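Chains as they are written, first to last, in this note's numbering: chain U, 1 to 246; chain G, 247 to 492.
There are 2 protein chains.
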Amino acid sequence: MWSNHIKYHWPMRTHQLVLQWIENQLSSGELALGGRLPAERTLAEQLQVSRTSVREAIRVLEAMGVVRAGVGSGPEAGTVVIADPTAALGSALRLHVATSHLPVADIVQTRILLESWAVARARTDSPALAEAAALLEKMEACPDTDEFLALDVRFHLALAEAAGNAVVSAMMGSLREAIQSYAGKLTANLPDWDATAARLRAEHREILAAIHNHDGGTAAGLVAAHIDGYYKEAGLDPKDSDPTRH
Amino acid sequence: MWSNHIKYHWPMRTHQLVLQWIENQLSSGELALGGRLPAERTLAEQLQVSRTSVREAIRVLEAMGVVRAGVGSGPEAGTVVIADPTAALGSALRLHVATSHLPVADIVQTRILLESWAVARARTDSPALAEAAALLEKMEACPDTDEFLALDVRFHLALAEAAGNAVVSAMMGSLREAIQSYAGKLTANLPDWDATAARLRAEHREILAAIHNHDGGTAAGLVAAHIDGYYKEAGLDPKDSDPTRH
DNA sequence: TAAAGGATGTGGTCCAACCACATCAAGTAC
DNA sequence: GTACTTGATGTGGTTGGACCACATCCTTTA
Numbered sequence: 001m002w003s004n005h006i007k008y009h010w011p012m013r014t015h016q017l018v019l020q021w022i023e024n025q026l027s028s029g030e031l032a033l034g035g036r037l038p039a040e041r042t043l044a045e046q047l048q049v050s051r052t053s054v055r056e057a058i059r060v061l062e063a064m065g066v067v068r069a070g071v072g073s074g075p076e077a078g079t080v081v082i083a084d085p086t087a088a089l090g091s092a093l094r095l096h097v098a099t100s101h102l103p104v105a106d107i108v109q110t111r112i113l114l115e116s117w118a119v120a121r122a123r124t125d126s127p128a129l130a131e132a133a134a135l136l137e138k139m140e141a142c143p144d145t146d147e148f149l150a151l152d153v154r155f156h157l158a159l160a161e162a163a164g165n166a167v168v169s170a171m172m173g174s175l176r177e178a179i180q181s182y183a184g185k186l187t188a189n190l191p192d193w194d195a196t197a198a199r200l201r202a203e204h205r206e207i208l209a210a211i212h213n214h215d216g217g218t219a220a221g222l223v224a225a226h227i228d229g230y231y232k233e234a235g236l237d238p239k240d241s242d243p244t245r246h
Numbered sequence: 247m248w249s250n251h252i253k254y255h256w257p258m259r260t261h262q263l264v265l266q267w268i269e270n271q272l273s274s275g276e277l278a279l280g281g282r283l284p285a286e287r288t289l290a291e292q293l294q295v296s297r298t299s300v301r302e303a304i305r306v307l308e309a310m311g312v313v314r315a316g317v318g319s320g321p322e323a324g325t326v327v328i329a330d331p332t333a334a335l336g337s338a339l340r341l342h343v344a345t346s347h348l349p350v351a352d353i354v355q356t357r358i359l360l361e362s363w364a365v366a367r368a369r370t371d372s373p374a375l376a377e378a379a380a381l382l383e384k385m386e387a388c389p390d391t392d393e394f395l396a397l398d399v400r401f402h403l404a405l406a407e408a409a410g411n412a413v414v415s416a417m418m419g420s421l422r423e424a425i426q427s428y429a430g431k432l433t434a435n436l437p438d439w440d441a442t443a444a445r446l447r448a449e450h451r452e453i454l455a456a457i458h459n460h461d462g463g464t465a466a467g468l469v470a471a472h473i474d475g476y477y478k479e480a481g482l483d484p485k486d487s488d489p490t491r492h
């Protein structure tokens with residue numbers, strides 16, 4: 001149900017009714033990935049609400065990574081269903097970090113626990129692992145910091161994907177995205193980027209080797225230390241990040 | 247950065263500029279939890295945009311669990327900053343489940359891994375654990391299924407809180423919320439609710455006992471089996487849910 | 001002094017107008 | 001018949017105005 005965060009009053013607001021209608025269309029399969037919603041004006045007429053309310057609902061769905069809007073006519077026009085949970089989760093987390101409600105240290109700790117779990121589960125026959133290896137090659141040859149970091153993001157996401165859980169992959173991406181601006185500041189803090197980059201590369205190789213050796217325990221430990229070490233070196237003291245302590 | 251999901255065109259849309267402004271206010275501390283945004287009309291004037299664009303931005307922030315809106319005047323009026331990441335994450339996940347992009351089985355598996363991690367980390371001196379115990383008492387005396395399930399939600403959330411990671415707690419809540427409608431159907435599938443409830447209660451007691459005995463490993467195993475068993479009994483075959491396999 | 005009415009400021013909803021865009025169809029010229 | 005130009009069409013994007021309901025506060029009246 002759509003939370004309107006209104007105290008005392010219970011009735012659904014108009015844009016929420018629209019959201020509800022659209023969600024029902026998705027749940028029932030009437031609307032699917034790649035499919036197109038009715039035009040705003042048409043939908044407003046159908047649902048007997050104003051176009052403004054329809055637009056408000058669509059703004060929400062855009063932020064949730066469920067639709068994208070396109071002007072003009074033709075295949076790119078109108079409101080089309082997409083699948084981008086990472087953007088949605090990332091925006092939500094980022095905003096709650098901005099309000100200081102969710103601590104950055106908790107974001108990092110969560111990322112470590114999820115990624116450790118994922119590498120322990122990575123399937124050696126997954127295409128994502130082949131991609132990870134290719135990305136590692138690119139990183140070896142990469143002198144540019146920003147490009148290196150972009151490849152690093154993709155490397156880690158590929159590792160998450162190899163575990164075959166789409167929710168964990170989406171969350172992994174969102175956690176990293178939520179503290180992207182912090183990451184930039186942290187990189188600037190690093191005393192010796194070249195030494196760090198060399199270390200990161202070596203650690204990536206070790207993680208990948210452990211996965212290929214079917215040694216999930218070692219892979220998990222390595223990835224935890226890898227992430228932990230990066231943030232520590234950059235000056236952020238993450239919470240106790242050993243994912244296997246129990 | 248706010249994704250507009252528009253292909254080819256790069257400029258920020260007006261409501262996104264408003265979102266950016268508000269996010270900056272939050273990041274800088276000018277706006278904090280419990281604080282009030284300028285009135286819509288005022289903000290529209292300040293930012294030199296139309297009130298409609300301001301409202302669109304606020305709709306997004308509401309869905310992200312960052313603000314709530316109130317009519318009238320007085321302390322409850324206007325747009326106030328709140329902290330409800332669970333609602334935001336839950337809505338996002340729910341929509342992506344609705345599009346079939348995120349499989350329910352992955353949601354359940356993720357919940358198991360997070361909750362196992364949390365109970366292994368639960369601090370025995372956390373007030374949340376005392377609350378969990380109190381909730382358990384209430385569940386013992388509870389004959390009503392819906393009320394039992396509501397208490398069950400709170401019990402599990404209390405366990406998550408005892409680990410002291412706000413991100414994990416928010417995710418835990420959102421994962422459960424995302425498949426709430428499934429849960430209702432699953433409960434209806436159960437062959438013998440009374441037997442199931444009795445089993446759940448017993449398992450809750452064992453989990454709590456393991457936590458108090460500082461036996462995180464056992465607690466994690468128990469909670470995984472507990473959640474796994476529930477969904478299996480109800481007819482959903484979750485993915486391999488052993489959180490400690492590596 | 002207490003109650004009623006009006007003012008004020010807030011968000012909620014609707015409407016109309018206009019814009020930019022991306023195609024498609026019809027008309028014209030070669 | 002083909003290629004180019006122009007206008008039409010349907011799409012989302014933005015603005016501004018009108019009116020409503022609500023929640024208080026202030027002023028007037030009894």
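All C-beta atoms, glycine included, are put in the ideal place defined by N, C-alpha and C. Just so you know, these numbers come straight off a predicted model, no measurement behind them.
Across the structure, G/R422 and U/A166 are spaced so that their CA atoms are roughly 16 angstroms apart. Distance from the CA of U/G72 to the CA of U/P38, rounded to the nearest whole angstrom, comes to 14 angstroms.
Counting only the Cα atoms, G/R357 lies some 11 angstroms from G/I425. Look at U/H101: its C-beta is under 8 angstroms from a C-beta on chain G.
The Cβ of U/E131 sits no closer than 8 angstroms to any Cβ of chain G. U/A118 is not a Cβ neighbour of U/L93, given a cutoff of 8 angstroms.
According to DSSP, G/T325 shares a beta bridge with G/A315.
Sequence-ordered contacts of the region 102-117 of chain U with chain G read L102, P103, D106, I107, Q109, T110, L113, W117 [C-beta pairs closer than 7 angstroms]. Within chain G, no C-beta atom comes less than 8 angstroms from the C-beta of U/L208; the nearest is roughly 16 angstroms away.
In this structure, U/V97 lies away from U/V80, with their beta-carbon atoms at least 8 angstroms apart.
Within a 10 Å sphere around the beta-carbon of G/S362 sit 16 or more other beta-carbons, which makes this residue buried. Secondary structure note for G/N435: its alpha helix (DSSP H) is the uninterrupted segment 426-435. Secondary structure at G/R282: strand, using DSSP grouped into helix, strand and coil. Looking at the backbone, the Cα of G/A396 and that of G/K384 are separated by about 11 angstroms. Sequence-distant partners of G/A290 (beyond 5 residues in either direction) whose C-beta falls short of 7 angstroms from its own C-beta, in its chain, are S296, R297, V300. Rounded to the nearest angstrom, the Cβ distance from G/V350 to G/L482 is 7 angstroms, consistent with a contact under 8 angstroms. DSSP places U/V167 in the helix class (H, G or I) of the three-state scheme. Of the residues U/G74, U/Y231, U/S27, U/P85, the one whose Cα lies closest to the Cα of U/E62 is U/P85. In the displayed model, G/P349 falls within coil according to three-state DSSP, outside both helix and strand.
G/W248 sits close to G/L265, with the two beta carbons spaced by under 8 angstroms.
The count of Cβ pairs closer than 8 angstroms, one atom from the region 178-198 of chain U and one from the region 370-384 of chain G, stays below three, leaving the stretches out of contact. Of the candidates G/L341, G/E286, G/L403, G/L341 places its Cα closest to the Cα of U/I82. When 9 angstroms is used as the limit between beta carbons, U/M12 is near no residue of chain G, the shortest such separation being about 13 angstroms.
Burial check for U/G34: the Cβ neighbour count within 10 Å stays below 16, so the residue is exposed. For U/T218, the enclosing alpha helix (DSSP H) begins and ends at 216-233.
In the three-state reduction of the DSSP assignment, U/N213 falls in the coil class. Taking each of U/A188, U/Y182, U/H101, U/A69 in turn and checking the Cα distance to G/S415, the smallest one comes out for U/H101.
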